[in-house]
Amino acid sequence: MKHIDVQPQPVLSFGRTFAIALRGVQYRLFRALVTVAVIAVAMAFLMNILSESLFKRVVAVAVRDEIRVSRQADHWIARLSVPQTAEEVIDDLAAAEPGTPASRELARFSGRDPAAIEQAGKQAAQAREYFRFFDDINYGRRRVLIGNAAGIGIFERLQDPEAQARFFESLGQMRAVRFIATPDGFRAFLASWPALREVVAAVREGQRQGIGQLHAKLDGRTVMAALADAEGAFGEAVRQAGFVLEPEEATSLAKQIRLSEHRHFIEDSLNVPEVRKAVAARKDVLPGDVSLDMIWGLLGHPDTAAWYRDLLAQHTSPPPGLDGDRLHEVARARGRSKLMVRAELITMGTGGGFMNIGPRMTWLAFVSMLVCTVGIANAMLMSVTERFREIATLKCLGALDGFIMTVFLIEAAILGLVGGVAGTLIGLVLGLGRMLAVFQSLLLELFPGGLLLQAAGISMVTGIALAAVAAAYPSLRAARLAPMEAMRIE
Amino acid sequence: MAKKEQAPDSAEKRVIIRTIGMKKLYRKGGQETAALRGVDVEIYTGEFISVMGPSGSGKSTFFNMIGALDSPSEGRVFIDEVDVAQLTAEELAFLRCRKIGYIFQSYNLIKYMTALENVTTPMAFGGVPDDDARKRGMEILGLVGLRERWFHRPIEMSGGQQQRVAIARALANQPAILLCDEPTANLDHHTGQEILDILQKLNKECGVTIICATHDHRMMNVCDRLMWIRDGSIERIARRDEVHVELAGID
Ligand SMILES: Nc1ncnc2c1ncn2[C@@H]1O[C@H](COP(=O)(O)OP(=O)(O)OP(=O)(O)O)[C@@H](O)[C@H]1O
Ligand SMILES: [Mg+2]
Chain A
4 MKHIDVQPQP VLSFGRTFAI ALRGVQYRLF RALVTVAVIA VAMAFLMNIL SESLFKRVVA
64 VAVRDEIRVS RQADHWIARL SVPQTAEEVI DDLAAAEPGT PASRELARFS GRDPAAIEQA
124 GKQAAQAREY FRFFDDINYG RRRVLIGNAA GIGIFERLQD PEAQARFFES LGQMRAVRFI
184 ATPDGFRAFL ASWPALREVV AAVREGQRQG IGQLHAKLDG RTVMAALADA EGAFGEAVRQ
244 AGFVLEPEEA TSLAKQIRLS EHRHFIEDSL NVPEVRKAVA ARKDVLPGDV SLDMIWGLLG
304 HPDTAAWYRD LLAQHTSPPP GLDGDRLHEV ARARGRSKLM VRAELITMGT GGGFMNIGPR
364 MTWLAFVSML VCTVGIANAM LMSVTERFRE IATLKCLGAL DGFIMTVFLI EAAILGLVGG
424 VAGTLIGLVL GLGRMLAVFQ SLLLELFPGG LLLQAAGISM VTGIALAAVA AAYPSLRAAR
484 LAPMEAMRIE
Chain B
-11 MAKKEQAPDS AEKRVIIRTI GMKKLYRKGG QETAALRGVD VEIYTGEFIS VMGPSGSGKS
49 TFFNMIGALD SPSEGRVFID EVDVAQLTAE ELAFLRCRKI GYIFQSYNLI KYMTALENVT
109 TPMAFGGVPD DDARKRGMEI LGLVGLRERW FHRPIEMSGG QQQRVAIARA LANQPAILLC
169 DEPTANLDHH TGQEILDILQ KLNKECGVTI ICATHDHRMM NVCDRLMWIR DGSIERIARR
229 DEVHVELAGI D
């Protein structure tokens, strides 16, 4: 006779559990492939967004300096031509850290001591906050509060006690508007405004005098032409006029100016009929169809650049130093700066957010993550629910709840791993291809290998984790039920 | 395996399955079906009992309850005097794995496993090493006449062959109780007889308690007692000799 003594069932070893799970995956290979495809697509999406954003991010960081340098010439020409507006001076005052060249320059123009400049800087920072507030509120409200005053005109207008009283009264009635300071704080600022106004005016007057002094030394040149000598006498004159021009900046400024002069010369050379005709003959087009892009194309190769140099020597008087190599160099620099401008445009809005890819991309990555979650959860849910009968049978044969969970988790992890790896690779290749088309050689210089590896890790782990979590819930539910109850769920 | 020591009608009968007021309601979409309406029954160790009843009378439901595969809506089930409701999940798994063998009406074989793997899976759960399991699995498959077909998947086998795999699987861990839901339904006369012989041998020689739902009248010749279920209640339980006397009387 058989006697029954009940004991707890021992746990099956991981190896055997794994073997059983693997058999299940093999048997349902087609179904599994569909699930893998869903995971792969989701992960490709995520990885694509991450990799493109990372490429953009590194490009953005890399081009920032180069772009600043290329804008240096414009910046200095403007500075040496007219004094800044009062609002620009306020911006500079607010931004100038004590002890920096910018701060020293402001002190010199205004004739104040550094402490006064620091004090004015604090006020200027407040003024900027108020500017921003008045820029942000809508037109109607602005009109009621300050009429049609703008910029420092706002502060001038509110110096009048009556206007000030009306302002605070109207502000009090605008429940929806949150003013950035307390009324008393703003009153104090308005009271201190004349002091700041004086500093600003002094700075502008200093600049005006410096510029006048400098223009006397132009000798009929344009400011731009004169700046080609930024490293020499003219640079010295700029310093004497009160502007802070560091030696390294002077060097790169002079280089920029020469580059832009040469560039203009090349562009102008197209207006010489003989040059135009010769290029047309070489390119086999009508003279009227010769374009600047053709010239830049010619200069892109050292041989044709030399040919063009001879052409220029024949029909124009090129500036000194503009030989074949230099022509080629100018063409390359132009190509580079075009690339920079495009890179700047495309990479706008990066920085901050997840992995520094920018808030917009972080949001996109987050949304794509949600889409992945839903897609993967759905795929796993289907593949588990259609197997409730199998789960029930295994339980009838003595399987523990933990065994069933483990089988499904292993299966999900296998699918997640395969789908995650495939998707990550697809997403990376797509992202790389798209970004290569945009940034070209720039991207290869900066290839962010480490960051990409990180991103790949993130998306693979996400794939596996999402698949596992999505499988865990339904299989846990099925495992907890009595076998026949699970069998009834179809 | 021990020799059978007791006849079911001997003086000291040992109860292996006892149900008290067992009821089962199925709820589906607000509708309630009473599959069992209060079943009180005692089944003795080493007994071979046939359960008869028209389709839909609640036989399969009864099997699920006494096999600890489902919980009754009301009432209690004792297996070897242990209240099934008191067992932990691990103990239930142990019970299902080693003490009870199930032959399901719908076989419930695992689709992706071969015949042999289907038979060895409960052994694996019971902790039998792989090699031993394979050897014993082949022996049991030989017992049901499927030794040559061990590598086939369920879909590659006929209904009768699948049923025999299901029987082999139920025998995997030498259970003390065998619950058979129409084990001969899909088998021809000859194979059915072979299965009956196996069951009878297990019952007589190894003392396995066998509870068998059937419409097969040959079963009457091998069982100790007969039980009729109708509409979720026990209509009648009788010893085989009593029934034979009656049948003789009718003749
Ligand atoms: N999952 C379910 N949901 C609702 N009702 C059910 C369910 N399973 C069984 N029933 C009902 O319970 C009753 C008993 O079913 P059961 O399967 O136990 O019958 P059976 O005696 O095994 O019949 P058969 O001889 O046809 O196998 C039937 O009326 C059936 O409709
Ligand atoms: Mg049935």
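Protein sequence lines, in the order shown, are assigned to chains A and B. When we follow this note's numbering, the leftmost residue of the first sequence carries the number 4, and every step to the right adds one. When we follow this note's numbering, the leftmost residue of the second sequence carries the number -11, and every step to the right adds one. Where a beta carbon is used, it is the ideal one built from N, C-alpha and C, also for glycine.
- In the DSSP annotation of this structure, Y95(B) is not part of any alpha helix (DSSP H), being labelled neither H nor E.
- In terms of Cβ geometry, I467(A) and A395(A) do not form a close pair [threshold 8 Å].
- A check of alpha carbon separations from R122(B) across N161(B), Y90(B), P142(B) identifies N161(B) as the nearest.
- Taking the Cα of L57(B) as reference, the smallest distance to any Cα among G125(B), C211(B), E79(B), S38(B) is reached at E79(B).
- Close to V9(A), with beta-carbon spacing below 9 Å, are these residues of chain B in chain order: I67, D68, V70, L75, E79, L80, F82, L83, K87.
- When secondary structure is reduced to three states using DSSP, G9(B) falls in the strand class.
- A straight-line Cα-Cα distance of about 25 Å links T108(B) and E488(A).
- Between P110(B) and chain A, the shortest Cβ-Cβ separation is below 8 Å.
- With 16 or more neighbouring CB atoms inside 10 Å of its own CB, S56(A) falls in the buried class.
- Chain order gives the chain B residues near A402(A) as A81, F113, where near means a beta carbon separation below 7 Å.
- F134(A) carries a helical assignment under DSSP once its states are collapsed to helix, strand and coil.
- Here the residues close to ligand 2, judged by CB distance below 6 Å to any of its heavy atoms, are K47(B), S48(B), Q93(B), D169(B) in chain order.
- Between L15(A) and P110(B), the CB-CB gap reaches or exceeds 8 Å.
- Sixteen is the threshold: since fewer than 16 other Cβ atoms of the shown chains lie within 10 Å of the Cβ of W366(A), the residue is exposed.
- Approximately 4 Å separates the beta-carbon atoms of A425(A) and A43(A); this is inside 8 Å, confirming the contact.
- Taking 8 Å as the threshold, the shortest C-beta distance from L384(A) to chain B does not fall below it.
- At a cut-off of 8 Å, the C-beta of M487(A) has a neighbouring C-beta in chain B.
- Of the heavy atoms belonging to ligand 1, at least one sits nearer than 7 Å to the Cβ of R491(A).
- Non-local beta-carbon contacts of A471(A) in its own chain, meaning distances under 8 Å to residues more than five positions away in sequence, involve L412, A415, A416, G419 in chain order.
- Under the Cβ criterion of 8 Å, S61(B) is not counted among the residues facing chain A.
- The C-beta of Y32(B) comes no closer than 8 Å to any C-beta of chain A.
- Where T365(A) is concerned, the enclosing alpha helix (DSSP H) starts and stops at 362 to 388.
- Within the DSSP secondary-structure output, I222(B) pairs in a beta bridge with I217(B).
- The segment 126 to 141 of chain B makes contact with the segment 178 to 195 of chain B, as at least three CB pairs between them are under 8 Å.
- Burial is judged here by how many other beta carbons sit within 10 angstroms of a residue's own beta carbon; R60(A) has at least 16 and is buried.
- The alpha carbon of A198(A) has as its nearest neighbour, out of M227(A), A123(A), A219(A), the alpha carbon of A123(A).
- Under DSSP, C399(A) takes part in no beta bridge, so it has no partner.
- For M438(A), the enclosing alpha helix (DSSP H) starts and ends at 404 to 442.
- For D212(B), the closest Cβ of chain A is not nearer than 8 Å.
- In this structure, the beta-carbon distance from A97(A) to A128(A) falls below 8 Å.
- For F113(B), the enclosing alpha helix (DSSP H) stretches over residues 103 to 113.
- Within the same chain, F158 come within 6 Å of W196(A) by CB-CB distance, once the 5 residues on both sides are set aside.
- Short of 8 Å from the beta carbon of A204(A), and not among the five residues preceding or following it, lie these beta carbons of its own chain, in chain order: A89.
- From the listed residues R152(B), P163(B), S146(B), the smallest Cα separation to Q181(B) is found for R152(B).
- Inter-residue distance for V377(A) and S371(A) is about 10 Å (C-alpha atoms, whole angstroms).
- Only residues of its own chain outside the window of five on either side were considered, and among them L161, R190, L193 have a CB closer than 8 Å to the CB of Q167(A), listed in chain order.
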